[in-house]
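A.B. asks:
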Amino acid sequence: MAGKGRAGGLRASVSRFLEGRGLRPVWHVTEGPGHAGSIVRGLPGEVSVIAVGGDGTVHEVAAACAGTRRVMGVLPAGSGNDYVKALGIGTNLRRALEVLVAGRVRGVDAAEVNGIPFNNGLGIGFDAEVAAGVAEAPAYLGGTGRYLWSVGRLLKDFRCHQVRLVLDGDAVESRTILVAVALGTTYGSIFRLTPEAVLDDGLFDVIWSEEVNRTEVLRLIPAALRGTLAKRRKVHTARAREVVLDLAEEVPAHVDGEMLAPTRHFRARVLPGALRVVVP
Numbered sequence: 002m003a004g005k006g007r008a009g010g011l012r013a014s015v016s017r018f019l020e021g022r023g024l025r026p027v028w029h030v031t032e033g034p035g036h037a038g039s040i041v042r043g044l045p046g047e048v049s050v051i052a053v054g055g056d057g058t059v060h061e062v063a064a065a066c067a068g069t070r071r072v073m074g075v076l077p078a079g080s081g082n083d084y085v086k087a088l089g090i091g092t093n094l095r096r097a098l099e100v101l102v103a104g105r106v107r108g109v110d111a112a113e114v115n116g117i118p119f120n121n122g123l124g125i126g127f128d129a130e131v132a133a134g135v136a137e138a139p140a141y142l143g144g145t146g147r148y149l150w151s152v153g154r155l156l157k158d159f160r161c162h163q164v165r166l167v168l169d170g171d172a173v174e175s176r177t178i179l180v181a182v183a184l185g186t187t188y189g190s191i192f193r194l195t196p197e198a199v200l201d202d203g204l205f206d207v208i209w210s211e212e213v214n215r216t217e218v219l220r221l222i223p224a225a226l227r228g229t230l231a232k233r234r235k236v237h238t239a240r241a242r243e244v245v246l247d248l249a250e251e252v253p254a255h256v257d258g259e260m261l262a263p264t265r266h267f268r269a270r271v272l273p274g275a276l277r278v279v280v281p
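Quick note on numbering: this note's numbering labels position 88 of the sequence shown as 89, and the sequence is numbered without any gaps.
Laid out in C-alpha cells, this is it:
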C-alpha cells in the first residue's frame with residue numbers, strides 16, 4: 002500500500018470488506034520510491050499481492066511480479082489510475098474490491114525499455130514533460146487538474162524533436178512532439194492516446210506526430226482527450242513487438258508516469274504474458 006495520499010485512508014474499509022468474505026489481508030506500507038518492489042520481492046512466491054495506490058505503486062509492484070507466477074491485484078487509490086482502466090476494472094473502489102474476490106486471473110503483457118520494466122506505457126517528449134510537471138502543480142487541483150495545469154504551462158515553449166523510429170525492423174523518421182509506446186489505453190488519467198490497445202496481444206500500440214505548431218497542438222489536445230488522436234492529420238500509428246528510437250538530442254521520457262533520465266536512445270520490447278493479474 003502506498004504510504005502517502007488517498008491509499009492510507011482506505012485500509013480500514015478494505016480490510017472490513019475482505020474479512021467479510023473470509024480473507025485476511027496482511028498490510029505492508031511503502032516508505033518511499035522503490036520500497037513497494039522490495040516488499041514484493043521479499044514475499045514467498047506463492048503469496049498473491051494487491052497494489053493499493055496509484056500508477057506509481059502499481060508500476061513497482063508489477064515490475065516485481067513480471068516473469069513470475071505471482072498473482073497481482075490492483076485497488077485504485079491514486080491521481081491517475083491508468084492501469085485499472087486498461088484492465089477493465091475502472092476507478093470505482095467497490096467494483097475493484099468485487100473484482101478481487103470474484104474475478105479471474107489473466108495473463109497480460111509487460112514490457113521493458115533500456116532494461117527498465119513497465120506495465121502501461123512509455124512516453125517520450127511532450128507527454129513526459131507533462132508527467133514531470135504534474136509534481137510541480139498545486140495539490141488542490143486534484144489529479145486531472147494537475148495534468149491540465151502541466152499541459153497549459155508547457156504550451157508556452159514546447160518544441161518538437163527529430164527522431165528515427167524502427168518498428169520491428171521498419172524505419173520511420175519524423176520531427177515529432179511526442180512518441181507514445183503503449184500497452185494500456187490511457188496516460189495521465191484523461192489522455193486516451195491509444196484507446197484500441199489490448200493488454201494481451203503481444204504488441205505495443207505506438208503513436209507519434211509530425212512536426213506541429215502551437216495552434217495544431219491546441220487542436221490535438223481535445224482529440225487526445227476523446228480518444229480520436231489517431232484520426233488527426235499529422236498523427237501516425239503502428240503496432241510492433243519491438244520499438245527502437247534514436248533522437249538527435251537527449252529528451253525527457255517516462256514509464257507509467259515515472260520519470261527516466263533523459264537520453265537519445267530507447268529500445269523497448271514487449272514481454273508477452275509476463276504478468277498474472279486479477280481482472281473482471
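For each residue, glycine too, the CB sits at the ideal point set by N, CA and C.
Would residue 240 and residue 206 be called neighbours here (beta carbons separated by less than 8 Å)?
C.D. replies: In this structure, residue 206 lies closer than 8 Å to residue 240 by Cβ.
A.B. asks: Looking at C-beta atoms only, is the number of pairs between the stretch 243-251 and the stretch 264-271 that lie closer than 8 Å three or more?
C.D. replies: With the cut-off at 8 Å, the stretch 243-251 and the stretch 264-271 touch.
A.B. asks: How would you label residue 120, buried or exposed, when you count the other beta carbons within 10 angstroms and need 16 or more for buried?
C.D. replies: It counts as buried.
A.B. asks: With distance defined between alpha-carbon atoms, name the residue in 183, 218, 29 nearest to residue 203.
C.D. replies: If we check each option's Cα against that of residue 203, 183 comes out closest.
A.B. asks: Quick check on residue 238: does DSSP put it in helix, strand or coil?
C.D. replies: Strand, per DSSP.
A.B. asks: What residue from 158, 175, 71, 104 has the CA that sits closest to residue 166's CA?
C.D. replies: Considering only alpha carbons, the answer is 175.
A.B. asks: Tell me whether residue 227 counts as near the ligand NAD, meaning its Cβ is closer than 7 Å to at least one heavy atom of that ligand.
C.D. replies: Because no ligand of any kind appears in the structure shown, any question about the ligand NAD cannot be addressed here.
A.B. asks: In whole angstroms, give me the CA-to-CA distance for residue 35 and residue 24.
C.D. replies: Whole-angstrom Cα-Cα distance: 27 Å.
A.B. asks: For residue 193, is the classification buried or exposed, using 16 other Cβ atoms within 10 angstroms of its Cβ as the cut-off for buried?
C.D. replies: Flag for residue 193 reads buried.
A.B. asks: Alpha carbons only, please: which of 235, 161, 228, 52 is nearest the one belonging to residue 249?
C.D. replies: Here the closest residue by C-alpha is 161.
A.B. asks: Mind the definition here: the stretch 141-161 touches the stretch 91-107 only if three or more C-beta pairs lie below 8 Å; say whether that holds.
C.D. replies: Segments in contact, no.
A.B. asks: On the DSSP letters alone, give me the boundaries of the alpha helix (DSSP H) that residue 192 sits inside.
C.D. replies: Neither: residue 192 is in no alpha helix (DSSP H) and is coded neither H nor E.
A.B. asks: Within a Cβ cutoff of 7 Å, which residues of the same chain sit near residue 85, ignoring the five residues on either side of it in sequence?
C.D. replies: For residue 85, where only same-chain residues beyond five positions count, the Cβ hits under 7 Å are 75, 77, 91, 92, 97.
A.B. asks: So, are the CB atoms of residue 88 and residue 280 less than 8 Å apart?
C.D. replies: Yes.
A.B. asks: Quick check: the stretch 116-135 against the stretch 54-68, are at least 3 beta-carbon pairs closer than 8 Å?
C.D. replies: Taking 8 Å as the limit for Cβ pairs, the verdict is that the stretch 116-135 does touch the stretch 54-68.
A.B. asks: Hey, residue 126 and residue 188 are a contact pair by Cβ (cut 8 Å); roughly how many whole angstroms apart?
C.D. replies: Contact doesn't hold; Cβ gap of about 12 Å is too wide.
A.B. asks: Bridge partners of residue 247, per DSSP?
C.D. replies: DSSP lists 165, 266 as partners of residue 247.
A.B. asks: Cβ atoms of residue 46 and residue 132: under 8 Å apart, would you say?
C.D. replies: Taking 8 Å as the Cβ cut-off, residue 132 and residue 46 do not qualify as a contacting pair.
A.B. asks: How many angstroms separate the CA atom of residue 28 from the CA atom of residue 104?
C.D. replies: So the alpha carbons of these two residues sit roughly 21 Å apart.
A.B. asks: What runs of the beta strand (DSSP E), each 3 residues or longer, lie entirely inside the stretch 19-88?
C.D. replies: List check, beta strand (DSSP E) in window: 50-54, 72-77.
A.B. asks: What would DSSP say about residue 222, mapped onto helix, strand or coil?
C.D. replies: Three-state result, residue 222: helix.
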